[in-house]
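If you're matching them up, the sequences are chains A and B in order.
First residue of the first sequence: 933, per this note's numbering; consecutive thereafter.
First residue of the second sequence: 8, per this note's numbering; consecutive thereafter.
Note that beta-carbon positions come from the ideal geometry of N, C-alpha and C, so glycine has one too.
Comments concern the structure below.
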Amino acid sequence: MLKILGSVLILLAGGGMGITMAGYYARRPQELRSLQAALKMLETEITYTATPLPEALGRVAERAGPRVALLFNRAREELMSPAGCTAREAWEEALKAFYPTSALAPSDLAVLRQLGPALGISSMEDQSKHLRLAMEQLGREMAQAEEKASRYVKLWNYLGFLGGLALILMLY
Amino acid sequence: MIGTPLLRPVRPAQTRPVEEVLTVLPVQLRNLITRLPPEILEQLEEIRLRQERPLALGLIHRDAFLSPEGNLVSDPEQAYRVSAGDLERTLQLVTGSSLYALEEELRSGYITLPGGHRVGLTGRAVMEGGRVRTLKYISSLNIRVSREVPGLATPLLPYLIDRQVKSIYHTLIFSPPRCGKTTMLRDIIRQLSNGVPELDLPGLTVGVVDERSELAGCYRGVPQRDVGVRTDVLDGCPKAEGMIMLLRSMAPQVIATDEIGREEDIAALEEVFHAGVRVLVTVHGASLAELAVRPALRHLFKLKVIQRFVLLGRSRGVGTVEDILDGRTMRSLGVG
């Protein structure tokens, strides 16, 4: 009896692990997509209405997906802090808080970090160029992420359960 | 001609404007300046940041450099050197990290902060079609503390009020730079607008064209300075166009504007005179003779409409009234 209970637990744990890993692979392209959409919104705010950066970040946060909203809200809060920080520092801080909670890969983070030093310090055309570059790079990351997702999501889903089963068989 | 003790200006004795200005400085520089004694802070007029050069402060009576320990020094060698990082950070704070939203301001070379303080910038101009499109590599900043000095105009006002029609004479205030023209003009506007019971003057509707956002210090169109209860401000508008717009739209009794001098300004002033609206303006210049050389102003003098000329100086502090002349006789009105 105890053996059966143990086996069920192992199976559940293995399956759960697999699903978590699969979820991670499935979430990355989604997050990249919503980041890309958010950067597009930021570009619109900057080039069409010349909205000041803190306000622009706030507006993007309102309309972006809930996870990405965290990033933009944090950047806005940092920027508004009375101690007075630059856009680069605000963005960096926001990324630091956002990255561990996200499904992003280090290469995605690198693209986002690259954007920081350019934020808010140049003309509209220049801002637009930097944002477009970042969107394009995120697009490339997204293609990779999707490819990986199609391969690994199913794999991990099965691997978790099957791994659990294998362990049970070994223990029996 | 020297002013009488009667016209002693009220000293600006607030440090609040300085605190407002300090919010755009990086923490390190902010700490250096806040360590200065309050009586120095009260006198602070300008903070000048020049890349790789000493940090300079403009006080009411003198200029000085600031040492890395936060002391005033006169030797530039001992002064704190402004780094590229300081400048970049200040620029980001001044622009709210939104340089792209300030292209018009960069073209004109200055940015107005909330509170009406002004930051002048120089760097490398980027040209387009023969006109300045924007500035890049910004390497010098001049942060000017703007102060309200309520009551500065009180001793001057009796000379400017036309008691018969209960309004102000057509008045022109002139002085060299940094003698308090704008501060004086703002206080006259405030008092006219609120009314002066001691002089039996009811409040007048005043229209202000504030091309450089210095007079009313508008932030998003709302005056941040006290310019009186009956004052309408046309912010950021070219003076000539603005005066005509006010005339047509707001039915003012007085139109006030800062630093006239172009041909079109004078043409617009003529319209204002014809409409029976009183005029209150300022001009850069050390003497009437100096003003009369400038073609546009010569034309204004020929019209013989200005009734009061007021010369400001800083012989006893910023905003000292040095002389008041009657426009018809060109005689001094016994101020001194």
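Counting only beta-carbon separations shorter than 7 Å, does residue i have a partner in chain C?
i              : result
T141 (chain B) : Of the protein chains in the structure, A and B, none is chain C.
Nearest-angstrom Cα distance between residue i and residue j?
i               : j               : result
W1023 (chain A) : L1051 (chain A) : 9 Å
V974 (chain A)  : E963 (chain A)  : The identity of residue 974 (chain A) in the sequence shown is Leu, whereas the question assumes Val. Answer to the nearest angstrom: the Cα atoms are 16 Å apart.
V279 (chain B)  : P24 (chain B)   : 34 Å
L298 (chain B)  : V312 (chain B)  : 15 Å
D233 (chain B)  : S90 (chain B)   : 37 Å
A20 (chain B)   : E49 (chain B)   : With a pLDDT of only 43 at A20 (chain B), under the threshold of 50, the placement of this residue in the model should not be trusted, and no figure is reported.
L254 (chain B)  : L206 (chain B)  : 26 Å
M1067 (chain A) : H177 (chain B)  : 60 Å
M949 (chain A)  : Y144 (chain B)  : 54 Å
V31 (chain B)   : Q1046 (chain A) : 25 Å
R383 (chain B)  : R1020 (chain A) : The requested residue 383 (chain B) is not part of the displayed model; chain B covers only 8 to 343.
L276 (chain B)  : L1065 (chain A) : 52 Å
L163 (chain B)  : Y117 (chain B)  : 31 Å
I9 (chain B)    : R227 (chain B)  : Any reading at I9 (chain B) must be qualified, since the residue scores a pLDDT of 40, below 50, and its modelled position is unreliable; no value is offered.
C244 (chain B)  : E266 (chain B)  : 13 Å
G997 (chain A)  : S966 (chain A)  : 6 Å
L1087 (chain A) : I951 (chain A)  : 10 Å
G65 (chain B)   : G127 (chain B)  : 14 Å
L156 (chain B)  : G187 (chain B)  : Per the sequence shown, the amino acid found at residue 156 (chain B) is Val instead of Leu. Roughly 10 Å between the two C-alpha positions.
Y1104 (chain A) : L937 (chain A)  : 13 Å
V215 (chain B)  : A247 (chain B)  : 12 Å
L208 (chain B)  : P83 (chain B)   : 51 Å
V300 (chain B)  : A132 (chain B)  : 31 Å
E26 (chain B)   : T1018 (chain A) : 20 Å
R1072 (chain A) : L79 (chain B)   : 56 Å
G92 (chain B)   : K972 (chain A)  : 30 Å
Y1084 (chain A) : A1037 (chain A) : 15 Å
F1004 (chain A) : R138 (chain B)  : 37 Å
P259 (chain B)  : Q171 (chain B)  : 19 Å
V328 (chain B)  : P45 (chain B)   : 27 Å
Y1031 (chain A) : L1002 (chain A) : 11 Å
L14 (chain B)   : S81 (chain B)   : Its pLDDT being 40, under 50, L14 (chain B) is placed unreliably by the model, and the measurement read from it follows with that caveat. The straight-line gap from Cα to Cα measures roughly 32 Å.
S939 (chain A)  : G1096 (chain A) : 8 Å
Are residue i and residue j close, meaning C-beta to C-beta below 7 Å?
i               : j               : result
Y4 (chain B)    : I54 (chain B)   : In this structure chain B extends from 8 to 343, so residue 4 (chain B) is not present and cannot be described.
V34 (chain B)   : I150 (chain B)  : no
M191 (chain B)  : G326 (chain B)  : yes
T119 (chain B)  : S147 (chain B)  : no
G249 (chain B)  : G123 (chain B)  : no
S1025 (chain A) : E1010 (chain A) : What sits at residue 1025 (chain A) in the sequence shown is Glu, not Ser. For E1025 (chain A) and E1010 (chain A), yes; Cβs fall inside 7 Å.
A1029 (chain A) : R1006 (chain A) : yes
P984 (chain A)  : S105 (chain B)  : yes
R269 (chain B)  : L222 (chain B)  : no
V213 (chain B)  : A263 (chain B)  : yes
L94 (chain B)   : L51 (chain B)   : no
A1077 (chain A) : R960 (chain A)  : yes
A3 (chain B)    : A982 (chain A)  : Chain B is shown only over 8 to 343; residue 3 (chain B) falls outside these bounds and no answer can be derived.
Q58 (chain B)   : S74 (chain B)   : no
A958 (chain A)  : A1081 (chain A) : yes
S182 (chain B)  : L62 (chain B)   : no
I942 (chain A)  : L1094 (chain A) : no
R37 (chain B)   : G77 (chain B)   : no
Q1069 (chain A) : V1043 (chain A) : yes
N1089 (chain A) : A945 (chain A)  : no
G1016 (chain A) : L39 (chain B)   : no
Y956 (chain A)  : A1035 (chain A) : yes
Assuming residue i contacts residue j under a Cβ cut-off of 8 Å, what Cβ separation, rounded to an integer in Å, is found between them?
i              : j               : result
L113 (chain B) : L142 (chain B)  : 5 Å
P184 (chain B) : H291 (chain B)  : 6 Å
I273 (chain B) : A296 (chain B)  : Not a contact, Cβ separation roughly 18 Å.
G235 (chain B) : L199 (chain B)  : 7 Å
L211 (chain B) : S256 (chain B)  : Rounded, the Cβ-Cβ distance is 17 Å, inconsistent with contact.
I180 (chain B) : T289 (chain B)  : 4 Å
I978 (chain A) : A988 (chain A)  : 6 Å
V229 (chain B) : V261 (chain B)  : With 8 Å as the limit, V229 (chain B) and V261 (chain B) do not qualify as a contact, their Cβ atoms being about 21 Å apart.
T238 (chain B) : I196 (chain B)  : 6 Å
E110 (chain B) : S1054 (chain A) : About 10 Å; that fails the 8 Å criterion.
Look up residue i in the DSSP assignment and give the residues it is bridged to.
i               : result
K1080 (chain A) : For K1080 (chain A), which the question treats as bridged, DSSP gives no partner whatsoever.
F181 (chain B)  : B:V290, B:L318
I54 (chain B)   : B:L64, B:I150
T327 (chain B)  : B:G320
T983 (chain A)  : Note: T983 (chain A) sits in no beta bridge, so no partner.
A71 (chain B)   : B:L64
V261 (chain B)  : B:V213, B:R285
I1 (chain B)    : An answer regarding residue 1 (chain B) cannot be provided, because it is not within the stretch 8 to 343 covered by chain B.
S339 (chain B)  : B:L332
(message) My parser needs the alpha helix (DSSP H) runs of 4 or more residues fully inside the segment 987-1048 of chain A; what are they?
(response) 998-1012, 1019-1030, 1038-1047
(request) Identify every run of the alpha helix (DSSP H) within the segment 90-161 of chain B, keeping only runs that are complete inside it and at least 4 residues long; order them along the chain. (result) 91-101, 110-115
(request) Go through the segment 178-244 of chain B residue by residue and report every complete run of the beta strand (DSSP E) that reaches 3 residues or more, in order. (result) 178-182, 213-217, 238-242
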